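Some notes on the structure that comes next.
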Amino acid sequence: MSASAETETKSSSWTVDKAHTSVEFAVKHMMFTTVRGRFAAFDINVVFDEANSERSSVEARIETASIDTREPNRDAHLRSADFFDAEQYPNLVFKSRRIERASNGRHRIIGDLTVRGVTKEITLDTEFLGTGKNPWGAPVAAFSAEAKIDRKEFGLVWNAALETGGVLVGDDVKIQLEVELTQQKA
Numbered sequence: 059m060s061a062s063a064e065t066e067t068k069s070s071s072w073t074v075d076k077a078h079t080s081v082e083f084a085v086k087h088m089m090f091t092t093v094r095g096r097f098a099a100f101d102i103n104v105v106f107d108e109a110n111s112e113r114s115s116v117e118a119r120i121e122t123a124s125i126d127t128r129e130p131n132r133d134a135h136l137r138s139a140d141f142f143d144a145e146q147y148p149n150l151v152f153k154s155r156r157i158e159r160a161s162n163g164r165h166r167i168i169g170d171l172t173v174r175g176v177t178k179e180i181t182l183d184t185e186f187l188g189t190g191k192n193p194w195g196a197p198v199a200a201f202s203a204e205a206k207i208d209r210k211e212f213g214l215v216w217n218a219a220l221e222t223g224g225v226l227v228g229d230d231v232k233i234q235l236e237v238e239l240t241q242q243k244a
C-alpha cells in the first residue's frame with residue numbers, strides 16, 4: 059500500500075436537523091435561581107473524518123435575535139445593547155480549532171466563540187450518542203455538548219446590584235447542545 063493510500067481519509071459533510079436539535083443556556087438569577095433559555099435559529103455544519111475524528115471540524119452560527127427565555131420583556135432586554143446587541147451583532151459564531159479524543163465516545167471540541175465581536179477560545183465537552191438512518195434512509199448522528207463561559211469575557215457586562223447583596227445576573231453561563239446531524243450526499 060502506498061503512503062498516500064495509508065493517509066487517505068474519508069470525510070463527509072453533515073448538517074444540523076433543526077427539528078431535532080436544541081441550543082440552550084442556563085444562568086443564575088438573583089444569585090440562587092436558574093433561568094434557562096434557548097436560541098431558535100441556528101446552523102451547524104460538521105465535516106467528519108471517519109478515520110481520524112481529530113481531523114473533523116465544526117462551525118455553528120446562532121442568531122442572537124432568536125433568543126427565547128419564555129419572558130418577552132426579558133428577551134427584548136437580552137436582544138438590546140445591554141446584552142447581545144442583536145442589531146449590530148446578529149450572530150454568535152463558533153469555529154472549531156481542534157478536536158481531542160477523551161474517552162468512551164467523548165471528545166473535547168476546542169474552538170473560537172465570537173459574541174458581540176469578542177472572540178475567545180472555549181471547550182465543548184462532547185459525547186457521541188450514536189448513528190442510524192432516518193425514515194428517508196439518510197445517515198444521521200447525534201451528539202450532546204456542554205460548555206461553561208464567563209459572559210463578561212464576551213462584553214456581556216450589564217447587571218444590577220441587589221439590596222440584599224449580590225447581583226441580578228450571574229457571570230457563568232452554561233451552554234447545552236443536543237444535536238442531530240444528517241449526512242449530506244457526496
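Numbering-wise (this note's numbering), the sequence shown opens with residue 59 and increments by one.
Positions of the beta carbon are idealized from the N, C-alpha and C atoms, including for glycine.
None of these values were measured; they are calculated from a predicted model.
Backbone secondary structure at residue i - three-state DSSP
i	result
Ser-252	Outside the shown range of the chain, which is 59 to 244, sits residue 252, and nothing can be said about it.
Ser-114	coil
Ala-77	helix
Glu-238	strand
Phe-90	coil
Residue range of the unbroken beta strand (DSSP E) whose run includes residue i
i	result
Asp-107	100–107
Trp-72	69–74
Ser-80	80–87
Lys-191	176–191
Ala-199	197–208
CB of residue i within 8 Å of CB of residue j, strictly
i	j	result
Phe-106	Arg-119	no
Ile-157	Ser-111	yes
Asp-208	Asp-230	yes
Arg-174	Gly-228	no
Glu-204	Lys-178	no
Leu-239	Ala-196	no
Glu-185	Arg-164	yes
Ala-98	Ser-124	yes
Phe-152	Leu-136	no
Ser-80	Glu-236	yes
Trp-216	Phe-141	yes
Glu-139	Lys-232	Strictly speaking, residue 139 in this sequence is Ala, with Glu absent from that position. For Ala-139 and Lys-232, no; Cβs fall outside 8 Å.
Trp-72	Gln-241	yes
Thr-127	Leu-150	no
Ser-202	Leu-187	yes
Val-224	Met-89	According to the sequence displayed, residue 224 carries Gly and not Val. Contact: yes.
Unbroken alpha helix (DSSP H) runs of length 4 or more, entirely within the stretch 119–173: which are they?
Listed in chain order, the alpha helix (DSSP H) elements of length 4 or more contained wholly in the stretch 119–173 are 130–137.
At least 3 beta-carbon pairs within less than 8 Å: the stretch 86–94 vs the stretch 112–126
The stretch 86–94 and the stretch 112–126 do not touch, with fewer than 3 CB-CB distances between them shorter than 8 Å.
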